[in-house]
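This report concerns only the one structure given below.
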Amino acid sequence: MPLISDSIGRVLGKRYRLLSALGTGASAHVYLAEDVSLQRHVAVKVLQPALASDQAFLKRFRAEARSVASLNHPHVLRVFDWGEDADGPYLVLEYLGGGSLRDLLDRGSLLSHSQAAVLGTEVAQGLAYAHVRGLVHRDIKPANLLFDEEGRVRVADFGVARALAEAAWTEPAGAMVGTARYISPEAAEGKPVDGRADVYSLALVLYEAVTGTVPFVTDTTMGTLAARIGQPLPHDPALGPLDDVLARAAAPDVAARLDAAGLAARLGALAAALPTPEPLPLVIPHLEAASPITGFRAPGVPELTDPGGVATAAATASAATAAATTSATAIAPSLKDAPVGTRAGPGEIFDAEPFGGSAAAGAGGKGKAKGPKTARSWGRSRTWWIVAAIAVVVIVAGGLVAAFGAKVFTPSHPTPALVNLPLAQARADVTKLHMTLATGAPVTSITVAAGSVVSQKPVSGTSLKEGSTVTVVISSGKPDVTVPSLTGMTCAQATTALQAAHFTAVCAPGTYNNTIPSGVLVLWSIGSTSNPSKAPYGSAITLVPSLGHQPATVPSIPTTYTFAQAQAALQAVGLTATQATNTSTTVATGDVISTTPASGAQAPYGSAVTVTVSTGPPTTPVPNVIGDSVSQATSALQQDGLSVSGVSGSPNNNVTGTQPSVGSTVTVGSSIQLFTH
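Numbering-wise, the sequence shown is residues 10 to 686 according to my numbering.
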């Protein structure tokens with residue numbers, strides 16, 4: 010690949026003049042360029058010349074470039090144009106001046122929970138927009154998340170990774186599509202990927218941005234890839250409220266993983282609940298020396314920040330001393346260079362030619378002055394000593410004034426760590442160092458208890474002079490978050506909805522309700538407040554489900570009621586009737602004997618009550634006792650609930666007949682007449 014400097018000054022496509030090099034990578038050079046048609050700055054990414062001869066790459070590159078150029082989203086880097094040149098294919102990109110997330114992390118800056126939630130929301134929104142249009146990035150990493158000068162993020166390099174994946178050219182040793190540190194498990198296994206692979210990579214990027222470490226990284230690329238397959242995201246206390254949502258975004262099973270829209274929604278809700286984030290500590294470089302693509306800064310371009318503190322004081326003192334020195338040295342040349350006889354000083358003589366000396370001698374001729382000349386020289390020497398002394402006094406005085414003004418001689422101490430401390434403890438720690446504690450407007454916090462310090466300025470470890478002021482922001486407690494409407498939900502459904510909104514749920518035993526179906530919530534509450542629209546972040550909300558309609562009391566059914574009458578009485582209290590029959594010697598046929606459950610008992614509303622109706626006294630057929638002895642016949646009749654009313658004939662003979670006759674149906678308890686020979 011040609012040196013990056015070789016193309017400076019060239020015009021690509023008769024339109025884009027390459028002004029300066031911004032950065033370089035394994036597959037491309039990046040330049041700051043001028044769009045001579047529109048007279049604006051753009052970034053031009055020139056890919057490997059070897060790719061120009063790769064037909065598979067060119068085909069994919071053209072298709073991807075057209076697709077990416079159609080994207081128009083506030084969090085996706087715009088592609089203005091594309092083309093092919095002798096040096097290789099190129100893309101014309103939107104120029105940004107805020108550098109990349111990689112630059113920020115490389116300077117040792119980590120993101121707060123609020124900053125990470127906002128950043129992740131914006132990136133996920135950009136990814137969701139592209140995924141709906143069939144574009145998967147495949148190479149989400151900190152270097153591809155770029156900022157404009159106001160801190161808004163853009164996702165860069167859409168389409169390039171997929172085109173390179175189909176190229177036949179050989180990348181540098183160890184390189185692969187999708188940086189190994191952020192690649193998804195399915196991509197590591199060589200499986201097809203969709204937009205959820207980008208979500209996985211973004212979760213790892215946010216993990217690094219908050220904790221400073223990338224999970225699953227080992228000493229080798231293959232080990233790094235293997236470490237994440239089938240493994241959940243490691244827990245890190247530094248993630249705080251981000252822990253759960255990032256774990257879902259980096260689920261090893263693709264089916265269980267959030268998509269980009271879901272991740273944007275969850276991070277957006279979290280960002281709304283967290284305190285307003287501080288602006289990102291971006292370094293905005295000079296236009297001609299900085300790159301929105303790589304954050305590369307040309308040598309000699311300073312960061313636009315002032316460390317302050319001791320360095321500032323020293324600079325102030327040095328400036329005052331230099332000014333005093335300049336004033337003093339300005340006096341000396343004026344005295345030295347003035348003509349003899351015009352310089353004034355103690356004991357000096359104001360004659361043009363003192364003591365009879367000639368003008369030529371005084372002007373450097375060969376004549377030498379005697380006596381008076383020596384006196385003048387002595388006076389001149391004494392004057393110089395006085396001037397030097399005055400200069401020294403001025404310099405020292407100026408330096409001392411500046412030093413005292415800048416508190417150079419005031420002792421300094423590292424600012425104590427105050428975050429999470431109660432206000433009283435923070436004030437005591439600051440007072441011990443002879444500093445003053447000031448408080449800003451309180452803010453809500455989901456991680457810091459009410460009355461404790463959320464943030465401090467300057468940060469802990471900063472060297473401050475005694476007498477300086479440390480400003481802290483105090484937590485006013487957890488913020489109120491909107492409680493989602495739970496109307497019509499069951500306990501299980503409401504629990505899922507509340508967890509998504511960062512609440513916990515407690516299902517109570519339930520209560521009867523005559524209008525709400527069983528299992529559906531009657532109400533939800535926090536303390537004595539029912540159905541709240543807002544509640545503190547993380548609160549436990551009690552869910553009360555309906556047990557259905559209150560039970561009904563089985564009414565008293567008289568034994569003179571028919572089944573129809575009993576059915577009407579039961580329906581009047583919300584019960585139904587099922588008929589059963591039984592014999593009765595006391596209840597007339599067709600009337601109600603009893604109900605199950607019995608009168609006065611509780612029965613589920615709408616349930617069926619069994620109504621037993623009398624079929625009259627019990628009956629039995631007269632058994633066949635013909636041929637039996639009287640004794641045998643009497644015993645058989647008694648077993649069926651009958652008795653013998655008498656014997657017609659000799660009681661010693663066998664039975665020849667009965668009255669009623671054998672087989673006749675008679676009421677249990679009836680008497681039977683026996684006949685013998």
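Every residue, glycine too, gets a C-beta built ideally from N, C-alpha and C.
Counting along the chain, no beta strand (DSSP E) covers Asp115; the unbroken alpha helix (DSSP H) around it starts and ends at Leu110 to Asp115.
Around the beta carbon of Asp115, fewer than 16 other beta carbons sit within 10 angstroms, so the residue counts as exposed.
Note that the C-beta distance between Val162 and Leu128 is below 7 angstroms. Look at Glu131 here: in three-state DSSP terms it is helix. With contacts defined as CB atoms closer than 7 angstroms, Thr130 and Ala280 qualify as a contacting pair. Here Thr227 has Thr233 and Ala236 as same chain residues with Cβ atoms under 7 angstroms from its own Cβ, once five neighbours each way along the sequence are excluded.
Looking from the CA of Ala273, the closest CA among Lys54, Ala258 and Tyr521 belongs to Ala258.
For Tyr99, the enclosing beta strand (DSSP E) starts and ends at Gly97 to Leu102. With respect to Thr520, Val553 sits close: the two C-beta atoms are nearer than 7 angstroms. Beta-bridge partners assigned by DSSP to Lys543: Thr491. Between the stretch 105-120 and the stretch 190-207, the count of C-beta pairs closer than 8 angstroms stays below three; the two stretches do not touch. Taking a cut-off of 8 angstroms for Cβ pairs, the stretch 461-468 and the stretch 426-435 touch, as three or more such pairs fall below it. Rounded to the nearest angstrom, the gap between the Cα atoms of Gln134 and Pro526 is 40 angstroms. Cα atoms of Leu532 and Leu276: separation of roughly 28 angstroms, rounded to the nearest angstrom.
Judged by DSSP in its simplified three-state form, Thr569 adopts coil rather than helix or strand. When the five nearest sequence neighbours on each side are left out, the beta carbons in the same chain lying within less than 7 angstroms of the beta carbon of Thr598 are those of Ser623, Thr624 and Gly625, in order along the chain. For Asp90, the uninterrupted beta strand (DSSP E) run begins and ends at Val88 to Asp94, by DSSP. Looking at the backbone, the Cα of Leu119 and that of Pro250 are separated by about 16 angstroms. Here Asp438 has Pro425 as same chain residues with Cβ atoms under 6 angstroms from its own Cβ, once five neighbours each way along the sequence are excluded. Shown here for Ser670: same chain residues with a beta carbon closer than 8 angstroms to its own, the five before and five after excluded, namely Val631 in chain order. By alpha-carbon distance to Val452, the top candidate from His443, Asp90, Ser484 and Thr480 is Ser484. Three or more beta-carbon pairs separated by less than 8 angstroms are not found between the stretch 586-594 and the stretch 546-560, which leaves the two stretches without contact. Burial check for Arg147: the Cβ neighbour count within 10 Å reaches 16 or more, so the residue is buried.
Secondary structure note for Leu530: it is in no alpha helix (DSSP H), and the uninterrupted beta strand (DSSP E) holding it is Leu530 to Ile535.
Membership of Gln668 in the beta strand (DSSP E) is indicated by the continuous run Val664 to Gln668.
Of the residues assessed, Asp253 falls on the exposed side of the cut-off, its CB having fewer than 16 other CB atoms within 10 angstroms.
Apart from the 5 residues on each side of it in sequence, Ser421 sits with its Cβ closer than 7 angstroms to the Cβ of Val319, Ser472, Leu473 and Lys474 in its chain, given in chain order. A distance of 7 angstroms or more separates the beta carbons of Leu80 and Leu102. Take Pro243, set aside five residues on each side of it, and the residues of its chain with a beta-carbon closer than 6 angstroms to its own are Pro224, in chain order. Across the set Met231, Asp207 and Glu159, the C-alpha of Glu159 shows the shortest separation from the C-alpha of Val292.
Collapsing the DSSP output to three states places Ser16 in a helix. DSSP places Asp44 in no alpha helix (DSSP H) but in the uninterrupted beta strand (DSSP E) bounded by Ala37 to Asp44.
Per DSSP, the beta bridge partners of Ala612 are Ala561.
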